[in-house]
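Take a look at the structure below.
Here it is, written out as structure tokens:
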């Protein structure tokens, strides 16, 4: 996302991630696609690397709201970081319908972990943010996301048969794919929400 913003709008920014592997890829892509952009990539927990309050035009968290304890906590943290009149962008799962108890028993999610599509937007309003846009993923988008994880794990296992972590990796990813196909496809969605901070 940060690289795309730099490409399209010549934006600068800071990207924070706990994975050194993802950061290596991000740095390589930035060097190839926007070598002159003012981009910084930091390895660590985003909660431990907050920007100065009110210092950014756009504060974003896409798919990692657990960092701040969920959607509401993420909106609060990002609102604090954004300047008055600035933007807050959050990618967050939502329940399409009440989750099946068996889906919850599979251990990936809790019933109170997410709200609905409307509920996530309403939480933003409760936090004093103005909703500007919602983009919900299609079933095909979500399915691609889930199934690419499965395919990548299976391909890795074939290419690295001696890696001692392969059995645990396959067990976790296969269980996740099974839960998605059994229940998640009809139950869990994902959307991007764009809010404006009061001026």
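In the numbering used here, the protein residues as written are 1 to 199. The beta-carbon is built from N, C-alpha and C at its ideal position, and this holds for glycine as well. Please read these numbers as outputs of a predicted model, since none were measured by experiment.
Within 9 angstroms, strictly: CB atoms of residue i and residue j
i: residue 71; j: residue 137; result: no
i: residue 106; j: residue 175; result: yes
i: residue 56; j: residue 77; result: no
i: residue 30; j: residue 3; result: yes
i: residue 128; j: residue 79; result: yes
i: residue 103; j: residue 109; result: yes
i: residue 153; j: residue 132; result: no
i: residue 26; j: residue 15; result: yes
i: residue 179; j: residue 166; result: no
Three-way DSSP call (helix, strand, coil) for residue i in this model
i: residue 93; result: strand
i: residue 41; result: strand
i: residue 125; result: helix
i: residue 116; result: coil
i: residue 11; result: coil
i: residue 166; result: helix
i: residue 179; result: helix
i: residue 141; result: helix
i: residue 62; result: strand
i: residue 104; result: helix
i: residue 148; result: helix
For residue i, the nearest candidate out of the options (CA to CA)
i: residue 212; options: 141, 110, 92 and 142; result: Past the edges of the chain, shown from 1 to 199, lies residue 212, and the structure says nothing about it.
i: residue 90; options: 145, 11, 121 and 113; result: 121
i: residue 177; options: 168, 80 and 148; result: 148
i: residue 125; options: 163, 3, 193 and 30; result: 193
i: residue 181; options: 196, 155, 161 and 150; result: 150
i: residue 21; options: 6, 42 and 10; result: 42
i: residue 58; options: 166, 112, 9 and 111; result: 9
i: residue 140; options: 163, 170 and 184; result: 184
i: residue 49; options: 18, 69 and 32; result: 18
i: residue 195; options: 130, 53, 104 and 16; result: 130
i: residue 145; options: 173, 166, 165 and 167; result: 173
Is it a yes or a no for the segment 97 to 104 touching the segment 51 to 63, going by three-plus beta-carbon pairs under 8 angstroms?
no
Cβ pair count under 8 angstroms reaching 3, the segment 28 to 43 against the segment 81 to 98
no
Touching by the beta-carbon criterion (3+ pairs, under 8 angstroms), the segment 182 to 199 and the segment 131 to 145:
yes
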